[in-house]
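Per this note's numbering, the sequence shown runs over residues 31 to 660.
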Amino acid sequence: MKIWCIERNSFLITVQQRTILINCPLEIIALYPLDLDPYNEHPSSSGNQAAPDILSLLKLYDPSRKQASTSDLSRPAEQTLMDKPVFRTLPFEAIDIKTIDVVLVTHYEAMLGLPYLTEYLGYKGPIYVTEPTITFAHQRMIEMIEYYTKATASPDAKYGPVPIDCYKSLYTSDNVRECINRLLPVRFDQAVTVFSSLRVTAKSSGYTLGSANWLLESGLKRIAIFSSSCSNAVFHPTPLDLSVLESANVVLICGTGTSNREAFDLSLKRCVAHVCNRLAARENAILVTAITSGLVYDLLWMLSDHLAQLGIQIGTEAHQAPIYMISPVAKQSLDYALVTSEWMSRVNQEHAMQSNPPLPHGRMLANKALTTFASILDIFNAKQDIPTSPSLIFTGDHKVLGVGPLAWYLQYWRKRSDCVYYFLDPELSAESFETHKARSKVPSLHIPLDSRLNVDEALDIVLRKNMQSQYILAPGDSRSTMQLDGGCQLIRYIPGSRHDIDLNITHARIVMKDQVARSINLQPSPYPGVTGMARFVGEALMFNNDLVIDKGKSIDANPATSMQTVLGIMDKLHKAGITKLSYENKPTHTHIHGAIDHVSFDIEVSTGHILVSAGSDEVQHIVRRLFMLP
């Protein structure tokens, strides 16, 4: 088994000659105007090599590349691009796309780069994703296209050089539609046989609706992908399913959070208290930069409950505090979450069974306490005043501060000291936050909310749940290996590191042709849970991505390991022209050693089986063929 950590939460795993890509994310990077960036007043002249446009770069890999539509480059009247977004995908130039057999996705933020893989690089293989993840990812892609392709930079703005490994172009809506149509939806606990030698199962990770950990089963070995998990059962998603770790030979921990559970709980309470106290004072407009799915569903009911305790009603009347959510996909996201109760916790499912909305924002939408707008223009078109004080406004995507509704507020409210901005993204860099603060006089707070388990918490759960793991891989500051109690190896990986793991796979699932299967007579089995068994000699060949036995023969159900059996095998080898042979009797079996054209092979003969191993597939095939003869 081979594991290549491509990026922080993306891996190529090769097992049983099958290659699995785990996640295909897209990193969005903001370039700030040099004259507004306090940290780059004197930009360096180094690194001025221009970044390639994604279309010109990808044509090296796919001659039938798609063309970007110029109609997607129109500029809405309300959008002014203060910051320039660029996009970083996986290093596809270092990956042979044709070797990827299957793609697995853990949550919707981890698949935003898939259109590049499917529509530009020509990947045609299966991509397994849970149903809610497909919908939320689709919404996020549409939101990104609306923000990042329908805005232009000011002609007077000057930007630093684009990083050489970033691209200037985002995919189009047509690319997104075609990519989404290729995805194969799965449900939790649905075992999918991708190939006869590989079966995959999605298990709830408890992080967002549909977020999944994956169990890979190959050759009776189990590999657990433990990614982006949350153990907080108070939230709305299906709780974390730890059965993914049971009897796992290898556990790969990835997608870990930036804080522990205690720090997250304190940050969440601080955020709710700050926002509600501001609304209670009725003197501020409050902007919360948070995407319109995921944790925001829980944040809405927490804010609503806390405000109720303070005696504040949510609504649009003069004595109430309104909540607005502005995003091209805000309404779709909130509405879709209300019809996915089967992907939620038991408490939320019970609400749905009682004909109530499974999430409290359903009642808020019905009562117009929560209002959605696709854009700032929609507020004007609705002839509705821009909410000022007191009000709570969610501004949607915030990866680049200078686009979307947030850009409008940053531009027109930058001198308003009676407002406050809350930035909740745990991955928002200190540089980006300080750049924003330098532009605006509006008070701003960065309260990172990351509900995912951090590395130490994930390791603690894995070690408590599964003491039988042979290998545990976890992110670290540097690559290292440490021996844990019970013989388990803890391997620390970093982006770019590659690891070889010996799983000692001696068995594999196979497909047997009907006529072969009918010729086998099952005998009673002495093993519990096994209904019957038979000894059989055959040859497994790869056909249509499956290991298939299309011919073979039954052998004596009670063979005796004797000198006569060993001599009979050696006689067959001699008749085939293989004369350099030796054997050794051991307490449990007899070992035959030989060589063909200087390539050695070994045959292990015992009461229960005959095993053949060789230094090359060709020699192993030749030796095995001998036992197919009468």
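Using N, Cα and C, we set each Cβ at its ideal position, and we do this for glycine too.
Our contact map puts residue 174 next to residue 427 with C-beta atoms below 8 Å; I'd like the distance itself, whole angstroms only.
About 7 Å separates the two Cβ atoms, so the contact holds.
Tell me whether residue 93 is buried or exposed, calling it buried when 16 or more other Cβ atoms sit within 10 Å of its Cβ.
Confidence is the limiting factor: at residue 93 the pLDDT is only 40, short of 50, which leaves the residue's position unreliable and the question unanswerable from this model.
With distances taken between CB atoms, is the gap from residue 3 to residue 283 smaller than 8 Å?
Because the chain is modelled from 31 through 660, residue 3 falls outside the range shown and cannot be assessed.
Among 249, 163 and 234, which has the Cα closest to the Cα of residue 243?
Of the candidates 249, 163 and 234, the one whose C-alpha sits nearest the C-alpha of residue 243 is 234.
Using a Cβ distance threshold of 8 Å, determine whether the stretch 442 to 456 contacts the stretch 465 to 480, with at least three qualifying pairs required.
Enough Cβ pairs lie closer than 8 Å, so yes.
If you reduce the DSSP assignment to three classes, tell me which class residue 528 lands in.
In the structure shown, residue 528 sits in a strand (DSSP, three-state: E or B).
Residue 340: buried (16+ other C-beta within 10 angstroms of its C-beta) or exposed?
Exposed is the call here.
Residue range of the beta strand (DSSP E) that residue 327 falls in?
First-last for residue 327: 326 to 339, but that is the alpha helix (DSSP H), not the beta strand (DSSP E).
Taking 7 Å as the cut-off, does the CB of residue 489 come closer than this to any heavy atom belonging to the ligand COA?
In the structure shown, the ligand COA is absent, as is every other ligand, since no ligand is present at all.
Return the CA-CA distance between residue 217 and residue 129, expressed in angstroms with no decimal places.
If I take the Cα positions, the gap works out to 26 Å.
So, at 6 Å on beta carbons, what are the nonlocal neighbours of residue 527 in its own chain, with the 5 sequence-adjacent residues on each side left out?
Cβ within range, chain order: 35 and 509.
Classify residue 258 as helix, strand or coil using the three-state DSSP reduction.
Coil at residue 258, not helix or strand.
Residues in its own chain within less than 7 Å of residue 621 by CB, not counting five upstream and five downstream?
Counting only Cβ-Cβ distances below 7 Å, and skipping sequence neighbours, we find 613, 614, 632 and 634.
I need the straight-line Cα distance from residue 640 to residue 651, nearest angstrom please.
Distance between the alpha carbons of residue 640 and residue 651 is about 14 Å.
Does the beta-carbon distance from residue 267 to residue 248 come in below 8 Å?
It is not a contact, given that the beta carbons lie outside the stated cut-off.
Mapping DSSP to helix, strand and coil, what is residue 54?
DSSP places residue 54 in coil when its eight states are reduced to three.
Using the Cα positions of residue 169 and residue 322, report the straight-line distance between them to the nearest angstrom.
For residue 169 and residue 322, the distance between alpha carbons rounds to 9 Å.
Residue 156 and residue 45 look like a contact to me (Cβ under 8 Å); what is the Cβ gap, rounded to whole Å?
About 16 Å separates the two Cβ atoms, so there is no contact after all.
Threshold first: 4 residues or longer. Then list the alpha helix (DSSP H) segments lying entirely within the stretch 377 to 438, N to C.
Within the stretch 377 to 438, the complete alpha helix (DSSP H) runs of at least 4 residues are 391 to 396 and 406 to 411.
Hey, is the stretch 292 to 308 in contact with the stretch 145 to 152, meaning 3+ C-beta pairs nearer than 8 Å?
Verdict: no, contact absent.
Using a Cβ-Cβ cut-off of 7 Å (strictly less than) and excluding sequence neighbours within five positions of residue 561, which residues of its own chain qualify?
Answer for residue 561: 555, listed in chain order.
Judging by CA-CA distance, which residue of 133, 351, 326 and 544 is the nearest neighbour of residue 49?
Ranking 133, 351, 326 and 544 by Cα distance to residue 49 puts 133 first.
Sorted by chain position, which residues of the same chain lie with C-beta nearer than 8 Å to residue 47's C-beta, five sequence neighbours on each side aside?
Excluding sequence neighbours, residue 47 sits near 227.
Return helix, strand or coil for residue 670, following the three-state DSSP convention.
Nothing about residue 670 can be reported from this structure: the residues present for the chain run from 31 to 660 only.
Give the DSSP-derived three-state secondary structure of residue 115 in the structure shown.
The answer is strand: DSSP assigns residue 115 an E or B state.
Who are the Cβ neighbours of residue 444 in its own chain at under 8 Å, not counting the five residues just before and after it?
Same-chain partners within the cutoff: 469, 470, 471 and 472.
How long is the line joining the alpha carbons of residue 515 and residue 281, rounded to whole angstroms?
C-alpha separation (whole angstroms): 16 Å.
Taking residue 237 and residue 381 to be in contact with their CB atoms under 8 Å, please state how far apart those CB atoms are, rounded to whole angstroms.
Not quite, the Cβ-Cβ distance comes to about 21 Å (not below 8 Å), so this is no contact.
Is the number of C-beta pairs between the stretch 273 to 280 and the stretch 328 to 336 that are closer than 8 Å three or more?
Taking 8 Å as the limit for Cβ pairs, the verdict is that the stretch 328 to 336 does not touch the stretch 273 to 280.
Which value, in whole angstroms, describes the spacing of the CA atoms of residue 521 and residue 37?
Roughly 16 Å separates the two Cα atoms.
Tell me the DSSP secondary structure of residue 123 in three-state form.
Residue state, collapsed to three classes: helix.
My guess is that residue 405 and residue 358 are in contact by the Cβ rule of under 8 Å, so how many angstroms apart are they, rounded?
About 7 Å; that satisfies the 8 Å criterion.
Compute the beta-carbon to beta-carbon distance between residue 245 and residue 230, rounded to the nearest angstrom, for a pair I have assumed lies under 8 Å.
7 Å between Cβ atoms; contact.
Can you tell me which of the three DSSP states residue 153 falls into?
In this structure, residue 153 counts as coil in the three-state DSSP scheme.
Quick one: what does DSSP say residue 441 is sitting in, helix, strand or coil?
Three-state DSSP puts residue 441 in a helix.
Would you call residue 545 buried or exposed, if buried means 16 or more other Cβ atoms sit within 10 Å of its Cβ?
Answer is exposed; the Cβ neighbour count stays below 16.
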